Structure formats: C-alpha cells, structure tokens
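Visitor: Structure in structure tokens, see below.
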Amino acid sequence: MYQTLEIEKNKRVATVWMNRPDVHNAFDETLIAELTAACEALDADASVRVVVLAGRGKSFSAGADLNWMKRAAQNGIEENLRDARALARMLRVLSEMKKPTIARVQGAALGGGTGLTAACDIAVASTRAVFATSEVKFGIIPAAISPYVVRAIGARQGYRYFQSAERIDALRARELGLVHEAVDPEQLDTKVQEIVDALVQGGPLSQAAAKDLIRAVDNKPINDAVVEDTAQRIAQLRATPEAQDGLSAFLDKRQPGWMA
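Each residue of the sequence shown is one higher than the one before, counting from 140 in this note's numbering.
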C-alpha cells in the first residue's frame, strides 16, 4: 500500500516503519501523506491497541528531504503553504491519535525527526540517538514541530535550542523531557516492549479519555470550571461498560475483557 512505509502488526501492536534508509528516512510530500493516512487507518483499526513509530536503517528521521527542500525554495508562497499545512496536519494526526503511540528512536532524529519524537505520547531512545531543532541553520524556523517540542521541553529550553540548533544527545534529551527513556542500543526493543506490555493492560476507552484529559487540564488554572470538568469526565466514564468490566474484573481477580 505504501511507497515509504512498512506496517508490521504483531498481536495488538502496529509498528510503522519509515522505510527510506538511503536518505535517513527524511520526509517529502509522499512520506508526509502516507504517514498521515497510516495513522488515520491504524487509529480506526479496533485490533490495534498500541502504535510504535520507527525508522529503518541508521537514522530515525533526518527531517526534511533535501530534494524536497530544494523544490520548496523554488516554489511560491502558495505551494510552500500547501506543503507546510500538510506537514502540520501529519504531526497533529499523529499527536491526536486515540491510541497510545511510542517513538522508537535508534539514531538521528533531526528537525522534523525531533518533531515526530515529540508528537508521540512516549519516546524511547537509544544512547546513539541525537536530536536537534536545526532549522535556523537553513534560514528557517521549526514552525510545524514547535507545538510538540515546546510541549515536551518547555518554552525556556525552546529559546535555547530553537536558536542555537545545538545537537542534543539521548541523555540530555531525557533530562529535557523530550524522551522518557535513554537506553543502550541492545536494550531499545526490550524497553519498548516493556512499555507496550504495560499499555495493553489499560482500557482503550480510558486511555483515549486520559489523553484528552491531559489536553484539557494542561497549563490551565485550577478553577471551578476545570474542577467541574474533571468531575464530569470521571462520572461519565464510570458509567461505561469498559469501566464496569474493569472494576468487576479487579474484584473477581480476572482479566478484563479488553485483555482477551
């Protein structure tokens, strides 16, 4: 189905492999369109519980394809706006998937690759991974990826790295909050699987609701409206068949239905 991606399904986990290793999984209009479509399809697939985003070869993603950037430099504002909107939509679709998403970062994740990492719910990096918001070196800015990177590392760190374009190793990325785990290369898949095993034990409806909850309360003052909203959310969720099954499964010392 795809020119630039491979989709592997193993039980309840789908791994989306960016498959352009010869150009370090740099993205162009084709990869952007295909990754958008793949995320939408997997989010609608009831058999998939967790989505892992990964890259074939040495790099996770080196960001924008150089040939694509050359074409963009020759295009007018309308063509550039169309491409920018497509990239922004791809990142938003990835970020707003109802299912848990994990970035498996084994190597370089530069520019847009850093954005993909930040757009996923969870990021696990090899100690060989390196990150950068390198756009200013090309006379541009990390516009499309900025909401996700700033969400991960905060505005204060953004002021530094958006302007300096410094390389960030995996340990520093963990300190900044860009990745959750930084492990030896041979432990990368083990750590990803460990997190997957934890995720599939949660209820799919409650996980989607948890993601929406974070978006609702993040950076909001704790006022009457927020408190009431949180009360409404838990009350409505408790009435769902998933919640009722989860509670009865706990009391009966059995697995809930979503684990079947």
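Beta carbons: idealized from backbone N, C-alpha and C, even for Gly.
The structure presented is a predicted model; accordingly, all values stated were derived computationally and were not measured.
Since Pro343 contacts Arg231 with CB under 8 Å, what's their CB separation in whole angstroms?
Guide: Incorrect: roughly 21 Å between the Cβ atoms, too far for contact.
Visitor: Run through DSSP, which three-state label would Val269 get?
Guide: strand
Visitor: Could you give the distance in angstroms between the alpha-carbon of Thr256 and the alpha-carbon of Met398?
Guide: About 28 Å.
Visitor: So, at 6 Å on beta carbons, what are the nonlocal neighbours of Tyr141 in its own chain, with the 5 sequence-adjacent residues on each side left out?
Guide: Sequence-distant partners of Tyr141 (beyond 5 residues in either direction) whose C-beta falls short of 6 Å from its own C-beta, in its chain, are Glu173.
Visitor: Given Trp207, which residues of its chain have a CB within under 6 Å of its CB, disregarding the five upstream and five downstream residues?
Guide: Asp167
Visitor: Note the first and the last residue of the continuous alpha helix (DSSP H) segment covering Arg385.
Guide: Here the sequence assigns Gly to residue 385, which means Arg is not the residue at that position. Unbroken alpha helix (DSSP H) run through Gly385: Pro380 to Asp391.
Visitor: Would you check if the region 351-366 and the region 157-171 touch, i.e. whether three or more CB-CB distances between them fall below 8 Å?
Guide: No contact exists between the region 157-171 and the region 351-366.
Visitor: Taking the beta carbon of Ser198 as the centre, do at least 16 other beta carbons fall within 10 Å, making it buried, or is it exposed?
Guide: buried
Visitor: My output table needs one value for Leu174: the three-state DSSP class, helix, strand or coil.
Guide: helix
Visitor: Just to confirm my understanding: we take Ser186, look at its own chain, exclude 5 residues before and 5 after, and list those with CB closer than 8 Å. What are they?
Guide: Lys148 and Arg151
Visitor: So, Gln296 versus Leu310, is the Cβ gap smaller than 9 Å?
Guide: Between Gln296 and Leu310, the C-beta gap is not smaller than 9 Å, which leaves the two residues out of contact.
Visitor: Nearest by alpha-carbon distance to Ile241: which of Gly250, Trp156, Ala176 and Ile373 is it?
Guide: Trp156
Visitor: Using the C-alpha atoms, what's the distance from Leu192 back to Pro380?
Guide: One C-alpha to the other measures close to 30 Å.
Visitor: Taking the C-alpha atoms as reference points, what is the distance between Ile237 and Ser303?
Guide: Note on residue identity: the sequence assigns Lys, not Ile, to residue 237. In a straight line, the C-alpha of Lys237 is about 34 Å away from that of Ser303.
Visitor: Quick one: is Phe270 buried, meaning 16 or more other Cβ sit within 10 Å of its Cβ, or exposed?
Guide: Within a 10 Å sphere around the beta-carbon of Phe270 sit 16 or more other beta-carbons, which makes this residue buried.
Visitor: What number of angstroms, rounded off, separates the C-alpha of Arg290 from the C-alpha of Pro281?
Guide: 14 Å
Visitor: Buried or exposed for Lys276, please, with buried defined as at least 16 other CB atoms from any protein chain shown within 10 angstroms of its CB.
Guide: exposed
Visitor: Can you tell me which of the three DSSP states Asp308 falls into?
Guide: strand
Visitor: Taking the Cβ atom as the reference point for each residue, do Arg195 and Asn158 lie within a distance shorter than 9 Å?
Guide: Here Arg195 is near Asn158, since their CB atoms are less than 9 Å apart.
Visitor: Measure the CB-CB distance between Ala201 and Thr266 and report whether it falls below 9 Å.
Guide: no
Visitor: Could you give the residue range of the beta strand (DSSP E) that holds Val190?
Guide: Val189 to Gly194
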